[in-house]
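Notes to accompany the following structure.
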Ligand SMILES: Cc1cc2nc3c(=O)[nH]c(=O)nc-3n(C[C@H](O)[C@H](O)[C@H](O)COP(=O)(O)OP(=O)(O)OC[C@H]3O[C@@H](n4cnc5c(N)ncnc54)[C@H](O)[C@@H]3O)c2cc1C
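As structure tokens, then:
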């Protein structure tokens, strides 16, 4: 995506700053502070599509973790949330259930991007008879039920939360359409992050196969190898186009449909891209010394957030068969 | 002295009844939620558990050997039973009804690949010294072929062997050597004449893994297992009698090993990874996830089953030919390709059924263990010759397509373009 209101030089400068920022190891909270130092809020306000896509692409490329997804979701929820008195985090839907929400009565479950403590308020989207609503909980009851997600990608730093009971005086604010907007915004951000991981894996595969010589020539000169990498590029480019289109309709009523499609395509692209990249690295790519496995596990973990490609594909299929009128994304 | 099949089956049953418990129930049922939640292709056990498993494998192989069942098709002068491939297959199918230790650490490489190579190419006294010891479970063998700059292009090995009196001195580095940390011997391909074209200047040696100068360092796989290693060889002295085959004729020796490897990998059905393509297990998985009524899942289950059945039939034919003393041909590449694809598809199907729960180690039975398998299936498309190389072999040697252009088969090894193995 090219910077819209940003001129090219500023765009390049910001890209370089972000890469530098993500290249230095840091905790999720440090990254937030460093982004603030960079004046990221202004960049975001100037061109949300470009800025969000860049931020998440670079985060994916660097395999970094931050609370940036919380910020994206909270921004979309801001019309219905009271002004924040303290730092806020989001308890995202538990990946087992796709984007399904816990019932407001509890017990509540979900996923935290990073540990919460102190004054931090945890915003928990929940399901009520009248649609989605938002609970705001103190950090302690959530933190006490949080365990590291571990699993496929222990490096993500995510935590799973199960069995939280909201204090009896907690009041669920009706979220109206804001939760759907938040989901769409989150899915666009995650799509960009997944594609950033893909770009890094593909770049690594291109470097490796161009340098590695077998049978007297770089293995990248074998068609079987080139074709795999070209196919991966096609998958990634296709997904990126759908993501761009999803941004263009972000303010329209079909934003949700477009964002879901973007996430599905990004999920499929990562599966294809990782399969190709691992294969062309040969045994080297299967070792823990190689970075490749970190791309594989991170991309798969991101695919599972806010609805995996399988869950969302099923959702789209079910909706289509139920007669949903899907606005053509290409109509823009 | 072929014996009647009925007598043989009775003998096998009485041996197994005496030494192993029967499996609690047939293959048709799966006890979902009980037992070991492990389906990885490679061991991801901690070292002490792995050592116990190796000891159990050796002990069980010793039992079989003492009962005359350790090497059913092998020649009697080297500790074999001298029976047919059919006897061997019958043994395997009867043994499958019993709970016995997994002997893969011995059989996949040592007995499946290196043993046949020693039998075909080694001198008499080496066969006598090693074959009975291998099939009795005393000696584990590994395959010291791949190097950092010689993977698919195996004939580009550069580990040097230089003659010194009645011995050879070996220097170089091998990599991806499975089970080297358990092995007593390794079959190494070495460069003995760099002035000849690459295939024509290689010699094979049997290396004593405890000899001075042999240094084994583990490499960790992304699935968590540490079954392969780097092996550094520094001034390792190997007596000339440990040379396998003629000087500079090592490529022919290697081909015997590689053909057996493809048949061995393609024919590997058992082990925990077999679950990924086993109908009862996948059915139980669908049931536990409430997906039995899902038409798309049912269709994919049936497709997986059909793929698996086709591979098994093909293997039966190949194994029979092989055990009857035939050399496995390029068609072994077909089963290897199919096996790798089946396991990959099976693992992906299961991953879809389990869904994103796979990503978190919640301790729920039958979910997280799939991640190990998912992370280890890519290896099956690489080890023993990559999928691309298998397809090239089929294209050139079976379909008769022209070779890809290149001159490196005729150029002296010394002048070839090579690279390091970095990523
Ligand atoms: C789990 C595991 C266990 C192993 N155990 C052993 C062992 O015990 N002993 C041992 O000696 N080795 C072992 N190997 C090594 C294995 O044999 C090599 O990994 C394999 O031959 C591929 O070599 P490479 O990894 O160097 O990949 P490369 O040869 O570098 O290949 C990289 C990519 O290029 C492609 N490519 C290369 N050449 C061509 C071509 N001509 N046409 C089209 N595509 C091409 C490959 O298909 C692959 O996708 C093991 C490997 C694994 C993964």
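Residue numbers (this note's numbering), protein chains in the order written: chain D, 16 to 347; chain Y, 3 to 425. Virtual Cβ for every residue (Gly too), placed ideally from N, Cα, C.
Quick one: Cα of residue i to Cα of residue j, how far?
| i | j | result |
| --- | --- | --- |
| residue 207 (chain Y) | residue 171 (chain D) | 46 Å |
| residue 328 (chain D) | residue 139 (chain D) | 25 Å |
| residue 52 (chain D) | residue 206 (chain D) | 26 Å |
| residue 312 (chain Y) | residue 340 (chain Y) | 9 Å |
| residue 146 (chain Y) | residue 58 (chain Y) | 25 Å |
| residue 273 (chain Y) | residue 197 (chain Y) | In this prediction, residue 273 (chain Y) scores a pLDDT of 47, lower than 50, which makes its location untrustworthy; the coordinate-derived value is nonetheless stated afterwards. Spanning the two alpha carbons is a distance of roughly 45 Å. |
| residue 201 (chain Y) | residue 419 (chain Y) | 15 Å |
| residue 337 (chain D) | residue 315 (chain D) | 29 Å |
| residue 79 (chain Y) | residue 139 (chain Y) | 17 Å |
| residue 5 (chain Y) | residue 319 (chain Y) | 22 Å |
| residue 343 (chain Y) | residue 61 (chain D) | 49 Å |
| residue 115 (chain Y) | residue 96 (chain Y) | 23 Å |
| residue 260 (chain D) | residue 71 (chain D) | 17 Å |
| residue 348 (chain D) | residue 311 (chain D) | Because chain D here runs from 16 to 347, residue 348 (chain D) falls outside it and cannot be looked at. |
| residue 333 (chain D) | residue 144 (chain Y) | 53 Å |
| residue 282 (chain D) | residue 323 (chain D) | 7 Å |
| residue 93 (chain Y) | residue 24 (chain Y) | 15 Å |
| residue 358 (chain Y) | residue 302 (chain Y) | 19 Å |
| residue 380 (chain Y) | residue 124 (chain D) | 33 Å |
| residue 234 (chain D) | residue 118 (chain Y) | 32 Å |
| residue 195 (chain D) | residue 268 (chain D) | 10 Å |
| residue 296 (chain Y) | residue 111 (chain D) | 18 Å |
| residue 190 (chain Y) | residue 178 (chain D) | 57 Å |
| residue 315 (chain Y) | residue 308 (chain Y) | 11 Å |
| residue 108 (chain D) | residue 141 (chain D) | 9 Å |
| residue 75 (chain Y) | residue 121 (chain Y) | 12 Å |
| residue 304 (chain Y) | residue 286 (chain Y) | 14 Å |
| residue 93 (chain D) | residue 145 (chain D) | 19 Å |
| residue 254 (chain Y) | residue 356 (chain Y) | 46 Å |
Residue i and residue j: beta carbons closer than 7 Å?
| i | j | result |
| --- | --- | --- |
| residue 33 (chain D) | residue 73 (chain D) | yes |
| residue 132 (chain D) | residue 158 (chain D) | yes |
| residue 177 (chain Y) | residue 148 (chain Y) | yes |
| residue 185 (chain D) | residue 150 (chain D) | yes |
| residue 235 (chain Y) | residue 174 (chain Y) | yes |
| residue 128 (chain D) | residue 202 (chain D) | no |
| residue 176 (chain D) | residue 213 (chain D) | no |
| residue 243 (chain D) | residue 291 (chain D) | yes |
| residue 10 (chain Y) | residue 89 (chain Y) | yes |
| residue 112 (chain Y) | residue 264 (chain Y) | no |
| residue 247 (chain D) | residue 288 (chain D) | yes |
| residue 303 (chain D) | residue 219 (chain Y) | no |
| residue 297 (chain D) | residue 410 (chain Y) | no |
| residue 1 (chain D) | residue 173 (chain D) | Chain D is shown from 16 up to 347; residue 1 (chain D) falls before or after that span and cannot be answered. |
| residue 396 (chain Y) | residue 335 (chain Y) | yes |
Closer than 6 Å: is that where the CB of residue i sits relative to any heavy atom of ligand 1?
| i | result |
| --- | --- |
| residue 411 (chain Y) | no |
| residue 23 (chain D) | no |
| residue 189 (chain Y) | no |
| residue 14 (chain D) | One cannot answer for residue 14 (chain D) here, as it falls past the ends of chain D, which runs 16 to 347. |
| residue 230 (chain D) | yes |
| residue 10 (chain Y) | no |
| residue 388 (chain Y) | yes |
| residue 145 (chain Y) | yes |
| residue 206 (chain D) | no |
| residue 178 (chain Y) | yes |
| residue 294 (chain D) | yes |
| residue 429 (chain Y) | Because chain Y is modelled from 3 through 425, residue 429 (chain Y) falls outside the range shown and cannot be assessed. |
| residue 153 (chain Y) | yes |
| residue 298 (chain D) | yes |
Does the structure place the region 229 to 240 of chain Y close enough to the region 181 to 197 of chain Y that three or more beta carbon pairs sit under 8 Å? These segments touch.
Quick one, which residues of the region 158 to 181 of chain Y are near chain D if we go by CB-CB under 9 Å, in chain order? Going along the region 158 to 181 of chain Y in chain order, one finds 158, 177 and 178 with a Cβ nearer than 9 Å to chain D.
Flag this pair as touching only if the region 267 to 285 of chain D and the region 40 to 47 of chain D have three or more C-beta atom pairs under 8 Å; answer yes or no. Result no; under three Cβ-Cβ pairs closer than 8 Å.
When Cβ atoms are compared, which residues of the region 280 to 302 of chain D fall closer than 8 Å to chain Y? The residues in question are 290, 293, 294, 296, 297, 298, 299, 300, 301 and 302.
Along the region 223 to 256 of chain Y, where does the CB come closer than 7 Å to a CB of chain D? Name the residues. Residues passing the 7 Å Cβ filter: 223 and 224.
Of all the residues that make up the region 97 to 122 of chain D, which are near chain Y by a beta-carbon distance shorter than 8 Å? Here the close residues are 110, 111 and 113.
Contacting positions in the region 151 to 185 of chain D - beta carbon closer than 8 Å to chain Y: Of all residues in the region 151 to 185 of chain D, the ones placed with a Cβ closer than 8 Å to any Cβ belonging to chain Y are 164, 165, 166, 167, 168 and 175, in chain order.
Given a limit of 7 Å on CB to CB distance, which residues of the region 328 to 359 of chain Y reach chain D? Those residues of the region 328 to 359 of chain Y placed with their C-beta closer than 7 Å to a C-beta in chain D are 354, 357, 358 and 359, ordered along the chain.
Which of the residues in the region 114 to 131 of chain Y, read from start to end, lie with their CB under 7 Å from any CB of chain D? If the cut-off is 7 Å between Cβ atoms, the region 114 to 131 of chain Y has nothing near chain D.
Below 8 Å, how does it come out for the region 397 to 414 of chain Y and the region 215 to 223 of chain D: are there three or more Cβ pairs, yes or no? At 8 Å Cβ cutoff, the stretches do not touch.
What residues from the region 404 to 420 of chain Y come within 7 Å of chain D, judged by C-beta to C-beta, listed N to C? Only those residues of the region 404 to 420 of chain Y whose C-beta falls short of 7 Å from the nearest C-beta of chain D are listed: 408, 410, 418, 419 and 420.
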